Amino acid sequence: MAEVKAALTDAAAAFDFVAERYDDKWDTAPGRADELYIRHQLRDILETDKKILDAGCGTGLLLDLVDIPSDRYVGVDVSVGMLERGAEKHPSHDMFFGDITSPHDIGSGFGAYISLFGVWSYVNLVEAIKGMCAALVHKGRFFVMLYSPRHPDCLPCFGVEVPVARWTSEELSSAFRSFDIEDFTIRGFCAGGPREGWPTSVYLSRHYVEAPFLYMWPDFGHYLIIEGAI
Ligand SMILES: C[S@@+](CC[C@H](N)C(=O)[O-])C[C@H]1O[C@@H](n2cnc3c(N)ncnc32)[C@H](O)[C@@H]1O
């Protein structure tokens, strides 16, 4: 328990430190292509008529990408700095300070649980799964992106380091085995492009070309994307 709390404090402090510069970092052609591709992957999960939980909402990327009415959106994050930046961009949406591994913080009754770009790599995996199961209604769906062992450290380029966990598809499947999950899938996602300087559309097409291979060999991705329903 002490270790989990220490990691939580580290992550909050690290993301507070980078919050002002965080969005600009991904404002590149490959970064925009990554986000456009992920936006497309979210179309099914967004069809719920219930509330959507943005677990580890950061600066509100999910709301940058898709329109979600404010009465159906809840964002939760442990970094006050990231939350403040999110509130500036999306003042009518609720983004709260809270730990996604604490069912008390995140509440329940959600039809969809979305966690983008590696939030679970800063938390205890089993506690995150438990928190997610407590948050979702029966048949509620989830879409979670985690760092694979191929994910490069992204915070050191901001001058800050924090412990992160990286998982293989086998480790994730095994962690989920003791939970009652339906339609569980794992695939990989390669972030960024091989070169800077191409148009966003080129990086975007690359994602669609790679997608079938990353279903077959998820661990080749920088991220693993897990989806399913409880
Ligand atoms: C890599 S950023 C991703 C942010 C956002 N989802 C995005 O895609 O831009 C990871 C986020 O996870 C948050 N985080 C880390 N541990 C958390 C926890 N236990 N509960 C809630 N948020 C957490 C961090 O504060 C940070 O905003």
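The opening position of the sequence shown corresponds to residue 597 in my numbering, with each subsequent residue numbered one higher.
Here a beta-carbon is modelled for each residue, glycine too, at the ideal position from N, C-alpha and C.
Keep in mind that this is a model prediction, so the values were computed, not measured.
Task: First and last residue of the uninterrupted alpha helix (DSSP H) at Val-635 - done: In the sequence on display, residue 635 carries Arg and not Val. Residues 625–637.
Task: Helix, strand or coil at His-734 [DSSP, three-state] - done: The answer is strand: DSSP assigns His-734 an E or B state.
- [ ] Spatial neighbours of Cys-653 within its chain, please: CB distance less than 7 Å, with the 5 preceding and 5 following residues excluded, ordered by chain position.
- [x] If you ignore the 5 residues before and after Cys-653, its C-beta comes within less than 7 Å of the C-beta of Gly-671, Val-672, Asp-673, Gly-682, Met-691, all in its own chain and listed in chain order.
Task: Segment limits, alpha helix (DSSP H) that includes Tyr-811 - done: For Tyr-811, the uninterrupted alpha helix (DSSP H) segment begins and ends at 796–812.
Open item on the list: Could you tell me the alpha carbon to alpha carbon distance between Ile-782 and Leu-638, rounded to whole angstroms?
Closed with: Answer to the nearest angstrom: the Cα atoms are 15 Å apart.
- [ ] Taking only heavy atoms of ligand 1 into account, decide whether any of them is closer than 8 Å to the Cβ of Phe-738.
- [x] Not one heavy atom of ligand 1 lies closer than 8 Å to the C-beta of Phe-738.
Open item on the list: Given a cut-off of 9 Å on the beta-carbon distance, is the pair Ile-702 and Ala-761 in contact?
Closed with: Taking 9 Å as the Cβ cut-off, Ile-702 and Ala-761 do not qualify as a contacting pair.
Open item on the list: So the candidates are Phe-611, Pro-808, Ala-708; which of them puts its Cα closest to the Cα of Glu-643?
Closed with: Of the residues Phe-611, Pro-808, Ala-708, the one whose Cα lies closest to the Cα of Glu-643 is Ala-708.
Task: DSSP bridge partner residues for Ser-698 (one or two, in chain order) - done: Looking at the DSSP assignment, Ser-698 forms no beta bridge with any residue, so it has no partner.
Open item on the list: Using DSSP's beta-bridge definition, name the partner residues of Met-728.
Closed with: DSSP lists no bridge partner for Met-728.
TODO: With a threshold of 8 Å, establish whether the CB of Val-715 neighbours any heavy atom of ligand 1.
DONE: The answer is yes for Val-715.
TODO: Classify Asp-660 as buried or exposed, calling it buried when 16 or more other Cβ atoms lie within 10 Å of its own Cβ.
DONE: Exposed, since its Cβ has fewer than 16 Cβ neighbours within 10 Å.
Open item on the list: Using only the alpha-carbon positions, how far apart do Asp-815 and Glu-767 sit?
Closed with: So the alpha carbons of these two residues sit roughly 11 Å apart.
- [ ] Kindly indicate which three-state DSSP category Asp-607 falls into: helix, strand or coil?
- [x] Per the sequence shown, the amino acid found at residue 607 is Ala instead of Asp. If DSSP states are grouped into helix, strand and coil, Ala-607 belongs with the helices.
Task: Supposed close pair Ala-731, Pro-687 - CB separation, criterion 8 Å - done: The pair is not a contact, with the Cβ atoms about 24 Å apart (cut-off 8 Å).
TODO: From the DSSP output, read off the bridge partner residues of Thr-781.
DONE: DSSP output for Thr-781 lists Glu-823 as bridge partner(s).
Open item on the list: Just checking Cys-750 against ligand 1 - is the residue's beta carbon closer than 8 Å to any of the ligand's heavy atoms?
Closed with: Yes, the Cβ of Cys-750 comes within 8 Å of a heavy atom of ligand 1.
Task: Reference Val-676; option with closest CA among Ala-610, Ser-666, Asp-776, Leu-751 - done: It is Ala-610 whose Cα lies nearest to the Cα of Val-676.
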